[in-house]
Amino acid sequence: MKTRVTLAVVFLLVIAEKIPAADWPQWNGPDRNGISPESGLLQEWPEEGPPLAWRVDGLGGGYGAPSIAAGRIFGMSNRGEDEVVWCLSERDGSSLWVTRLGPACREGGPQGSEGPGCTPTVDGDRLYVVGAGGDVACLKAEDGEVVWRRSLIDDFGGRIPMWRYNESPLVDGEKVICTPGGADATVVALNKMTGGTIWTSSMPDSTDRGDGPGDAPGRSRSGFGDRTGGPPPGGTPRRGRGDSRTPEGVAATGVTGTKDPELFVGEHWGMSSFSCKIPNGKYLAKLYFAETFAGITGPGQRVFSFNVQGSEFQDFDIWEKAGGPRRAYIETVPVEVTNGEFRIVFTAQTENPAINAIEIVPQAAATGETSSESTVRIKAGRTTPFTDSSGQIWQPDSGFEGGGLGGVVPALGGPGGAPGGRGGFGGFGGGRGRAGAAYASAIAIDFEGQRQYVQLTANALIGVAATDGTFLWRYDRPANPMGINCSTPIFQDGLVFAASAYGTGGGAVKLIQDDSGSVDAEEVYFTTRMQNHHGGMIVVDGCLYGAAGGNEGGFLACLDFQNGEVLWRDRQAPKGSLALADGRLYLRSEDGAMLLIEPSRDGLVERGRFEQPDRSESPAWTHPVIANGRLYIRDQDLLFCYDVEAK
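The numbering used here numbers the first residue of the sequence shown as 453 and each following residue consecutively.
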């Protein structure tokens, strides 16, 4: 016992002597914003990349990034049938201790089954983790001894998401914040010393909102919680910039050259193909295009190719074909189907391909006349059926492979994104009438003298009071309908921002407190050009950087954080995860490349790139970590430590 006490004292002295500014003690860095306060790092890498200090093999499977504090590295893995927490020496990667948390969680989908996604949170001499199966535990950082544990499922009625729990716990003051996603406990606060419950907070369904100042907590008075459309409570028009509407609303984008401008509002972009089953025969394929994206400002900026049943169209430029922006253009192609399938293959050249609608009309064999029977009409970018001015019904977006629904919608007057609202795919982590944990981790913010915890759940971005868990506000639009919401929210320059992939995008809200103390979230803008999957986003000098794209891939994008305007996007910086240190972005491509990028509003400025050796077969989804002059890259069983300190 005497030896143990002595060791504990020594460990506490090490913590006290250690300069914490360069540590990375929790998920997403010291302030949970992906930014390290370090300086004195390499501003450009040599051609072969920075030197490798050491590597460790045999960590076990998992996507969780390590945390670094007081000369130690902490992480989680699956090793065989066990879920473990481990500790390494920061000096050389040697193992200091391993603690079994419980059995490895095998429930849910195959992706991510390699191991847990949690980054341990270090607070003083204690360590806090959330296992993939919902076990929350406090361990001694010195030796890994478990101090207390709780279960998000057994203790709080949590429902395990499709791809398991991936949250990294937030430690704030005396509280540990976690997200069970239970009907009566969306978010919980635990005593960090004992594990006892301090409070639980439940999220009211958005349909429970009233229509006056006395509404239940959580009502979004700007009306964006309900994606099914219609006017906001009381019938008052929502405040917005201009008259822009979503694909679901009245066309007001000024598309000319057509009697049906709504056909050209909303798009499917970034797709690799479109296909549908139709009877063999001759058809007229009509492809509807209009360049409505504000990021395209002239000809030559969106050029792509496509092949319609063997008919090749090279160097296709919507702007050039239509004669300018927001002008309708229809490409009509005679085709013949012989195998029961109609197919278009798209290839990006300069920018992503984009299309607004597709119509496939059968032709009478003898006369060549068209027939309305069995005509296929698809309205790209729309999530509900649409009736045109002739009474023809167009089916919602379907048949596309890859990409997502497009359009920037600034504080608009209609619904946007996917239909139905809050995670309607059950086991994917959402579902109407239940709270639903997603895969993001909470942040703490201060607004008008009140401490809040902000979290992106399966159904909405939410804020709860830190003192007692009172539900304050919700904003549904950044939460995709499958509940696969992974990225940590951002609070900066007076805005709260969150985003997700799968055809959704991201939105910024401004928090407003009325005379009664009630807090509202008023949308400032929403954009589908930041469909961030799980690589995270970082704000630097007023610019929002993040990878836009879902499972089909993507690329780095830079937006103006205050208004959502796309400043640039570049495929040379592929989809990946981000961190920032000493004025440089560290981009970890999910294919394995590591990039060093100088932030710039004007375009991609690459300052180095190298390939990680001995890549696993799993996606490189683990976020990079920078601490004490070292860059850490985890690839499942492997951990690489690179020296990035300027000499």
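Just so you know, even glycine gets a beta-carbon here, dropped at the ideal spot from N, CA and C.
Within the model, the alpha-carbon separation for ALA960 versus TRP925 is close to 14 Å. Runs of the alpha helix (DSSP H) lying entirely within the segment 887 to 937 and spanning at least 4 residues: none are present. Between the C-alpha atoms of VAL582 and GLY647 there is a straight-line separation of about 13 Å. Listed in chain order, the beta strand (DSSP E) elements of length 3 or more contained wholly in the segment 511 to 543 are 519 to 521, 524 to 531, 534 to 541. Spatial neighbours of GLU811 in its own chain (CB-CB distance under 6 Å, excluding positions within 5 residues in sequence) are listed in chain order as LYS738, ARG829. Per DSSP, the continuous beta strand (DSSP E) segment holding ILE796 begins and ends at 793 to 802. A distance below 6 Å between beta-carbons, with the five flanking residues on each side excluded, links ARG1086 to the following residues of its chain, in chain order: THR1074. In the displayed model, LEU604 falls within coil according to three-state DSSP, outside both helix and strand. Counting C-beta atoms within 10 angstroms of its own C-beta, ILE845 has fewer than 16 neighbours from the protein chains shown and is therefore classed as exposed.
The DSSP-derived three-state label of PHE745 is coil. Spanning the alpha carbons of ASP945 and VAL623 requires a straight line of approximately 23 Å. The beta-bridge partner set that DSSP reports for PRO786 consists of LEU736. A direct Cα-to-Cα measurement between ASP1034 and VAL789 gives close to 58 Å. In the DSSP annotation of this structure, the continuous segment of the alpha helix (DSSP H) that includes LYS773 starts and ends at 770 to 774. Of ASP475, LEU604, TRP721, the smallest CA-CA separation from GLU490 is found for ASP475. In the displayed model, PRO555 falls within a strand according to three-state DSSP.
A residue is called buried once 16 or more other Cβ atoms fall within 10 Å of its Cβ, and ASP607 is buried on that count. The beta carbon of LEU493 sits closer than 8 Å to those of ALA1033, ASP1034, ARG1036, ILE1078, GLY1081, VAL1096, GLU1097, ALA1098, all from its chain and outside the five residues before and after it, given in chain order.
In this structure, DSSP gives LEU1056 a state outside helix and strand, which the three-state scheme calls coil.
Per DSSP, LYS729 is one residue of the beta strand (DSSP E) stretching across 725 to 729. Secondary-structure assignment with DSSP links ASP1087 through a beta bridge to LEU1090. Scanning its chain for C-beta atoms nearer than 6 Å, with the 5 sequence neighbours on each side dropped, one finds around ALA584 the residues CYS557, PRO568, ARG616, TYR617, in chain order. If you ignore the 5 residues before and after PHE758, its C-beta comes within less than 6 Å of the C-beta of PHE765, ILE796, PHE798, all in its own chain and listed in chain order. For GLN761, same chain residues with a beta-carbon under 6 Å away, outside a window of 5 residues either side, are VAL787 in chain order. By the Cβ criterion, the segment 986 to 1003 is in contact with the segment 951 to 959, since at least three pairs of Cβ atoms, one from each stretch, lie closer than 8 Å. Beta bridge pairing from DSSP links LYS711 with no other residue. Between PRO837 and SER826, the CB-CB gap reaches or exceeds 8 Å. Just so you know, the alpha carbons of ARG1021 and ASP1054 end up roughly 10 Å apart. Within the model, the alpha-carbon separation for LYS734 versus GLY1006 is close to 36 Å. By alpha-carbon distance to ILE895, the top candidate from ALA931, SER939, ALA809 is SER939. By the beta-carbon neighbour count (other beta carbons within 10 angstroms, threshold 16), ARG484 is buried.
Burial state of LYS729 is exposed, judged by a 10 Å Cβ sphere holding fewer than 16 other Cβ atoms.
Ranked by Cα distance from PHE978, the first of VAL948, SER968, ALA774, GLY501 is VAL948. Assignment of PHE1013 by DSSP, reduced to helix, strand and coil, places it in the coil class. Pairing ASN530 with GLU714, the inter-Cα distance amounts to about 51 Å. ASP1095 is bridged by DSSP to ARG1082.
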